[in-house]
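The structure under discussion appears below in the form of structure tokens.
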Amino acid sequence: MNWKPDGSYALILSEYELLKFDGTTFTFQSLPISHYQSNIDWHPSGIYAIITNPNYRKISKYDGATFTEYSISLRSRDVSCTPDGSYFLIVGDSGSAWTFDAVSLVSLSTGVTDNLQAVSWKPDGSYALVVGASGTVLKYDGLWFTELSSGVTKELYSVDWSSDGSYALIVGEYVTGEYGTVLKYDGTSFTSLSSGVTTDLRKVACDSTSAMIVGDSGTMLKYDGTSFTKLETGTTANLNSVKYAIDGSYAIAVGDGGRVYKVLLGGGTDTTPPALTIASPADGTTVTTPTITVTGTASDGSGIANVKVDGVLATGTTSWSVNLTLTDGENTITVVATDGAGLSTTETITITYTPILDGKVLSGSTSAGIENATVTLAETGKTAQTGTNGYYSFSGVADGSYTLTTSKPGYIFSPVDVVVSGTTRALSIMGTIDTTVINAEITSTVMPSGSYKHGDSVEVTIIAKNTGTIEHTFYIGYSVRDPGDTFWDAPYVPVTLSPGDSVTETLSWTVQPGAPAGSYDVYTAVWAAQHWSHLYDDLDRENAYGVFSVQLGPEAIPGWTSYSAMRYDVLVDGKKYTAVWTVNNLNHRTSWMIYDTDGKVPDLTTFQRAAMTATVTRMIGSDTADEVESLRYTQERMNYFTGLTAWGGFSLWIRNTAAYLLGKFAIIWATGGTSLTTEMPASEALTVAGHAIAEEMSTKLVDDLKAMADPTLDESTIKSILSAYAVTNIQCSASKLGDAASTLEGHEGSWTYDEANSYYNNYKYGVIDGMTHMNLTYELQPGSDFVSQVSDVCNEAAKGMTYGIVDLDKLTVVEVANSIDDLGAVKSSAITREKYRNLFTVTDAEFGANAIELWNAYQTTDYIGGSLMCPGQLHAYDSEGRHVGINSTGGIDLEIPNSYYSGPDAEPEIIRIYTPQDDNITFSVDNATIGGTFNLMLGKQMNMTREAACYLNIPITETTAVSISTNNSSNPDHIMEIDSDGDGVVDDTVNPNTTETNHKPVSTINPPTQTVFTEGYSVSITGNGTDAEDGELPETALTWTSSIDGLIGSGSMLNTTNLSIGNHAIVLTATDSDGAMSMDSIEIQIHTALSDELIGDLNSDSILTPADAAIALEIAVGSRPCDAAMLAAADVSGDGQVTSLDALMILQAAAGVIEL
1354 MNWKPDGSYA LILSEYELLK FDGTTFTFQS LPISHYQSNI DWHPSGIYAI ITNPNYRKIS
1414 KYDGATFTEY SISLRSRDVS CTPDGSYFLI VGDSGSAWTF DAVSLVSLST GVTDNLQAVS
1474 WKPDGSYALV VGASGTVLKY DGLWFTELSS GVTKELYSVD WSSDGSYALI VGEYVTGEYG
1534 TVLKYDGTSF TSLSSGVTTD LRKVACDSTS AMIVGDSGTM LKYDGTSFTK LETGTTANLN
1594 SVKYAIDGSY AIAVGDGGRV YKVLLGGGTD TTPPALTIAS PADGTTVTTP TITVTGTASD
1654 GSGIANVKVD GVLATGTTSW SVNLTLTDGE NTITVVATDG AGLSTTETIT ITYTPILDGK
1714 VLSGSTSAGI ENATVTLAET GKTAQTGTNG YYSFSGVADG SYTLTTSKPG YIFSPVDVVV
1774 SGTTRALSIM GTIDTTVINA EITSTVMPSG SYKHGDSVEV TIIAKNTGTI EHTFYIGYSV
1834 RDPGDTFWDA PYVPVTLSPG DSVTETLSWT VQPGAPAGSY DVYTAVWAAQ HWSHLYDDLD
1894 RENAYGVFSV QLGPEAIPGW TSYSAMRYDV LVDGKKYTAV WTVNNLNHRT SWMIYDTDGK
1954 VPDLTTFQRA AMTATVTRMI GSDTADEVES LRYTQERMNY FTGLTAWGGF SLWIRNTAAY
2014 LLGKFAIIWA TGGTSLTTEM PASEALTVAG HAIAEEMSTK LVDDLKAMAD PTLDESTIKS
2074 ILSAYAVTNI QCSASKLGDA ASTLEGHEGS WTYDEANSYY NNYKYGVIDG MTHMNLTYEL
2134 QPGSDFVSQV SDVCNEAAKG MTYGIVDLDK LTVVEVANSI DDLGAVKSSA ITREKYRNLF
2194 TVTDAEFGAN AIELWNAYQT TDYIGGSLMC PGQLHAYDSE GRHVGINSTG GIDLEIPNSY
2254 YSGPDAEPEI IRIYTPQDDN ITFSVDNATI GGTFNLMLGK QMNMTREAAC YLNIPITETT
2314 AVSISTNNSS NPDHIMEIDS DGDGVVDDTV NPNTTETNHK PVSTINPPTQ TVFTEGYSVS
2374 ITGNGTDAED GELPETALTW TSSIDGLIGS GSMLNTTNLS IGNHAIVLTA TDSDGAMSMD
2434 SIEIQIHTAL SDELIGDLNS DSILTPADAA IALEIAVGSR PCDAAMLAAA DVSGDGQVTS
2494 LDALMILQAA AGVIEL
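Numbering (my numbering), first residue to last: 1354 to 2509.
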């Protein structure tokens, strides 16, 4: 054992456990291998300890939690660390020794072959003493071992120095006729001391005035420098180790059997027995299981050595537990706690064990417990009732063989045999429904019919009757099976019925978004049992096939899926529209499909405005107003912050310096000026320029820093700049949020576009700007060390201006390049702005680019369709014979992919086939219920061409069959064939009353020279529209729309200064004289116009310098990235790009030669 140098705990090694003793309590940790009679020493820092092992050829490094094993050539016995902590000296069998410096082991030659048992460094570190077999004593000075003459030939087991280094004590073997060996070494010679005991002495520990020695048969001695005092331990067990506490107030001795003694150095040992409490079970408890866990606590000033319960060693000491097995009847349990001084306390409790026979009665179908069943123990006549989980129990059942029988009205149970031996758990008794008692039937079912879309409700009405003899709770429900054989369950309903009673229940299944198109079967049933969400024991069922159909709605667009469950009614310009959530199946972009009250899709501008209104409707929840107000309040509170850091303004000062110098040298280099020879290689010229920049910058920065004592440049003045900037912007953001909150407060009923537009834009920019500047004020907090902060802003600002041209880290500005986070904070704020911009970009797309994509997809989707007004039924067949319409059994076929059928009861009856593989579709009309006439409209949109044919007042009887092919090759004139008597022979043909062929127009936007603009600048884009029938389309046929601003212009030229900030999809829509439309689009960017923006000011320092020209030149050659804002500022020539011309113009403007 040994104490950690800080005295927090001692480590005590047993064979397979490591004990930590903090002076009062013990904690345990398992050891990877046996460490019986191992020794330990700590590094003076207390970071780790080294443990020897006389059982294995290993040593262990212990860091307070984990072990690291190191292999050595022989078994080790003891270890001692040099007082300065430079290395450990380890000794072991056959004269072996090693040094270990926490990294590597070095084997030493001792010159002896006897086993070496112990080692101890003299406190001044001048040498160590090593002792071992045959009276061996070695002196090690860090280089060599010297053997000393101890004057004895007995086994020496332990050595330790007094804390002042005046002497060392060595203890060892006892031989008959002598006392246990004690040698005192004063640095020169050995003196044999009379221990007065006739046992082997195993360990010695010294302090400044005394020593403690322990040995076999419970021996414990105290040496005061002149004589020995034997201390009574009350044991004959061997004691193996002893060590003084770090504060010297007591010593700890350990020995066999888990004994730990706390020796009070005031003169006596611990005489107070430990406190012991049995926490569980309580005395007098009766249990029904033979195995119990006994728990409790123990405490003592000397620590608890162990706790035993009925002779079984418990787990733990101060908090302990043990598992015991009881015998029938009363059991007296005895608990004994032993402290570190060997004193003990005993407590007892009495526990009665009464065996039981128990088990469960379960449903054979659900495995759930059956309540209120009666279980009978046949041989004794005893009975027990089951609880809610089916559990029952019998007590006082003698060992032997028994049969359990069970009864409950409505159930049938099989008997269960059981052999009782003590407490016994019987096999579960399984019950099944007795249908002569519990039964029901479906007496009537009203099935659904027709066609349904996603989000529609499919209702089934079921009448069920209790045909059993007792009251019972039944479960009525139904499921549907789709064309892919997947079942969808409708919600079921429980009903309690008395015998002979009936109930009528109407159940509804909502067509889920993933439900495929096609014909559906219906399965109805009444069940006897329910468990969790499942139903069991169906008593009656009815199945119906091909009952109803699910299909794509008339608004379906191939490649997009609309979710009818998420739809809103919105108002645009006073007109009501329905918005349906729609997802692109390929890229998962989302938008809204928009219809008016007639089911028509509006123009693009209205479409986008309705989509925006729906987006806001979806965003708004019950807590939204509170959340907006809370964010506004938080932003407004930023006005009360004081001492906000203004490093942003200070960094501009530093950056201007760097910018001027960098620009000066970069322009000279780029233009081949005289300061750098034109024959010099570019890379070398750049290095020269870099060093020149750095040298001049360093000088100026240091000079300026020294001038900071100027009262006009004190810290308070510098910090004021950013404070005003950030807080002003936050107040502006808070005002926008206030406007958004006001819109919420005034809203009632369906959302209008004007409300949605006001709320969304105020909320959007309130969040983006507010969060950005809140982040800035949070990140830029005052630091405690102004000078160190200033140093790093110099470096960061300078590096920010070089953009990779000069690596200042390798140059001469290190004197001022240390630690401030201002540019890091600005970067963090920029990231915050981008984060919230991106967040809203996704939302913007719902009524912006995604809405345009969806609207365009609707306009350009190929389809073939028919619309029938008549007493008859409409059908469609493709070239493979696949059918859409009512079949011969009354079901609905949707065999042609991407087909829609309104159902036979719709007026008009509609069939539409989207993205057909070709135009070889044949429509037919038959099965008229009465004679009369019908009107048929056929339409086709394929390959940018729309065709329509109209047939009016066509006679029809019950036997008439009509067919028309839409294939232009086989039926170019759209002739209808009529079989009047249904014999399969064409009796007549009819031409359409009207036909229409219209090619879609072509819309073209001329590629503009510029696609990035500053807010408020004029945006000019031209385009045109042509049409096969109309030729060049007039100005009135062309409209311009923005994904953000909606309708923005008309005619062949767009010229506007009112575009909002953001990424716009600009769409030119061309509409021909027949209403056919086509679109072309481009992307442009509108960026924020800074207050007092200076054209050509590329580093935002509000002045034009050669540095701005250098930046423009980097952009021109492609070595520097350029976003929308930078492009707008750098393109001073106005040609939509950045070239060397722009760099030259900025340079001339900086010199005052021209004005931009």
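A virtual CB, placed ideally from N, CA and C, is assigned to each residue, including glycine.
For I1910, the nearest candidate out of E2206, P2459 and S1516 (CA to CA): Mapped onto the sequence shown, residue 1910 falls at position 557. Ranking E2206, P2459 and S1516 by Cα distance to I1910 puts E2206 first.
The alpha helix (DSSP H) enclosing E2467, as first and last residue numbers: As a first step, residue 2467 is located in the sequence shown; it is residue number 1114 there, counting from the start. P2459 to V2470 is the extent of the alpha helix (DSSP H) around E2467.
Candidates A2229, N2115 and Q2212: closest to I2263 by CA position: Within the sequence shown, numbered from 1, the residue matching residue 2263 stands at position 910. Closest by alpha carbon: A2229.
K1414 in three-state terms, based on DSSP: Here residue 1414 refers to the residue found at position 61 when the sequence shown is read from its first residue. In this structure, K1414 counts as strand in the three-state DSSP scheme.
Terminal residues of the beta strand (DSSP E) in which D1770 lies: Looking up residue 1770 in the sequence shown gives position 417. V1769 to V1773 is the extent of the beta strand (DSSP E) around D1770.
Three-state secondary structure (DSSP) of T1625: If you number the sequence shown from 1, residue 1625 lands on position 272. T1625: coil per DSSP, three-state reduction.
Beta strand (DSSP E) runs contained entirely in the region 1803 to 1883, provided each spans 3 or more residues: 1810 to 1819, 1825 to 1834, 1840 to 1842, 1846 to 1850 and 1855 to 1863
Integer Cβ distance of I1815 from L1860, believed to fall under 8 Å: Position 462 of the sequence shown holds residue 1815. Position 507 of the sequence shown holds residue 1860. The Cβ separation is near 7 Å, so the contact holds.
Chain-order list of residues whose beta-carbon lies under 7 Å from that of Y1948 (same chain, five-residue window excluded): In the sequence shown, the residue the question calls residue 1948 occupies position 595. Closer than 7 Å at Cβ, skipping near neighbours: E1908, Y1930, T1931 and V1954.
Nearest neighbour of H1396, chosen from P1358, S1424 and T1421 [CA to CA]: Numbered from its first residue, the sequence shown carries residue 1396 at position 43. When only C-alpha atoms are compared, the closest one is P1358.
Span separating the alpha-carbon of T1529 from that of M1573: As a position in the sequence shown, residue 1529 is number 176, starting the count at 1. As a position in the sequence shown, residue 1573 is number 220, starting the count at 1. In a straight line, the C-alpha of T1529 is about 19 Å away from that of M1573.
Beta-carbon gap between S2309 and T2286 smaller than 8 Å: Taking the sequence shown and counting its residues from 1, one reaches residue 2309 at position 956. Taking the sequence shown and counting its residues from 1, one reaches residue 2286 at position 933. It is worth fixing the name first, because residue 2309 is Ile in this sequence and not Ser. Taking 8 Å as the Cβ cut-off, I2309 and T2286 qualify as a contacting pair.
Proximity of A1651 and L1629 at Cβ, strictly below 8 Å: Sequence index remark: in the sequence shown, residue 1651 carries index 298 (1-based). Sequence index remark: in the sequence shown, residue 1629 carries index 276 (1-based). A contact, by the Cβ cut-off of 8 Å.
S1748 - DSSP class collapsed to helix/strand/coil: Numbered from its first residue, the sequence shown carries residue 1748 at position 395. If DSSP states are grouped into helix, strand and coil, S1748 belongs with the strands.
Terminal residues of the beta strand (DSSP E) in which L1715 lies: Residue 1715 sits at position 362 when you count from the first residue of the sequence shown. Where L1715 is concerned, the enclosing beta strand (DSSP E) stretches over I1709 to S1716.
Inside the region 1643 to 1684 only - beta strand (DSSP E) runs reaching at least 3 residues: 1644 to 1652, 1657 to 1662 and 1672 to 1678
Buried/exposed call for T1680, threshold 16 Cβ in 10 Å: Counting from 1 along the sequence shown, the entry for residue 1680 is found at position 327. With fewer than 16 other Cβ atoms within 10 Å, it is exposed.
DSSP-derived helix/strand/coil call for A2496: Numbered from its first residue, the sequence shown carries residue 2496 at position 1143. The answer is helix: DSSP assigns A2496 an H, G or I state.
Of the residues L1730, S1413 and S1754, the one placed nearest S1746, counting alpha carbons only: For the purposes of this step, residue 1746 is taken as residue 393 along the sequence shown, with counting starting at 1. Here the closest residue by C-alpha is L1730.
Span of the alpha helix (DSSP H), counted from its first residue to its last, around L2207: In the sequence shown, residue 2207 corresponds to position 854, counting from 1. Looking at the DSSP string, the run of the alpha helix (DSSP H) that includes L2207 is A2202 to T2213.
A2482 - DSSP class collapsed to helix/strand/coil: Sequence index remark: in the sequence shown, residue 2482 carries index 1129 (1-based). DSSP places A2482 in helix when its eight states are reduced to three.
Nearest-angstrom Cβ-Cβ length linking V1750 and V1728, presumed shorter than 8 Å: One-based indexing of the sequence shown puts residue 1750 at position 397. One-based indexing of the sequence shown puts residue 1728 at position 375. With 8 Å as the limit, V1750 and V1728 do not qualify as a contact, their Cβ atoms being about 12 Å apart.
Backbone CA spacing between H2327 and Y1889 [nearest angstrom]: Position 974 of the sequence shown, counted from the first residue, corresponds to residue 2327. Position 536 of the sequence shown, counted from the first residue, corresponds to residue 1889. For H2327 and Y1889, the distance between alpha carbons rounds to 59 Å.
Backbone CA spacing between S1460 and S1547 [nearest angstrom]: Looking up residue 1460 in the sequence shown gives position 107. Looking up residue 1547 in the sequence shown gives position 194. Going by the C-alpha atoms only, they are around 37 Å apart.
Integer-rounded CB distance, given that L2407 should sit under 8 Å from I2439: The residue you call residue 2439 lines up with position 1086 of the sequence shown. The residue you call residue 2407 lines up with position 1054 of the sequence shown. Contact doesn't hold; Cβ gap of about 13 Å is too wide.
Option in T2213, V1567 and T1670 with minimal Cα separation from V1512: Here residue 1512 is taken as the residue at index 159 of the sequence shown, counted from 1. Selected option, being the one with the closest Cα: V1567.
Residue range of the beta strand (DSSP E) that includes Q2270: Locating residue 2270 in the sequence shown gives position 917, counting from the first residue. Per DSSP, Q2270 belongs to no beta strand (DSSP E) and is neither H nor E.
L1710 to K1818 span [Cα, whole Å]: For this step, residue 1710 is matched to residue 357 along the sequence shown. For this step, residue 1818 is matched to residue 465 along the sequence shown. Each residue's alpha carbon lies about 41 Å from the other.
Whole-angstrom distance between A1481 and I1393, CA atom to CA atom: Taking the sequence shown and counting its residues from 1, the one referred to as residue 1393 is at position 40. Taking the sequence shown and counting its residues from 1, the one referred to as residue 1481 is at position 128. So the alpha carbons of these two residues sit roughly 16 Å apart.
Environment of H2417 [buried if 16+ CB atoms lie within 10 Å]: One-based indexing of the sequence shown puts residue 2417 at position 1064. Taking a 10 Å sphere around the C-beta of H2417, we find 16 or more other C-beta atoms and assign the residue as buried.
Cβ-Cβ distance between L2421 and D2398 below 8 Å: Position 1068 of the sequence shown, counted from the start, is the residue given in the question as residue 2421. Position 1045 of the sequence shown, counted from the start, is the residue given in the question as residue 2398. No, these two residues do not count as a Cβ contact at 8 Å.
Three or more C-beta pairs below 8 Å linking the region 1694 to 1704 and the region 1633 to 1645: The region 1694 to 1704 vs the region 1633 to 1645: in contact.
Between the CA atoms of G2415 and E2187 - distance to the nearest angstrom: Translated into positions along the sequence shown, residue 2187 becomes position 834. Translated into positions along the sequence shown, residue 2415 becomes position 1062. Here E2187 scores only 48 on pLDDT, less than 50, and its place in the model should not be relied on; the value that follows carries that caveat. Roughly 12 Å separates the two Cα atoms.
Sequence-distant residues of the same chain with beta carbon closer than 6 Å to M1919, five excluded per side: The residue given as residue 1919 occupies position 566 in the sequence shown. A distance below 6 Å between beta-carbons, with the five flanking residues on each side excluded, links M1919 to the following residues of its chain, in chain order: W1934.
Own chain residues within Cβ distance below 6 Å of E1508, not counting five before or after: By 1-based counting over the sequence shown, the position of residue 1508 is 155. Apart from the 5 residues on each side of it in sequence, E1508 sits with its Cβ closer than 6 Å to the Cβ of A1486, G1525 and E1526 in its chain, given in chain order.
Per DSSP, cross-strand counterpart(s) of W1474: As a first step, residue 1474 is located in the sequence shown; it is residue number 121 there, counting from the start. Paired residue(s): A1481.
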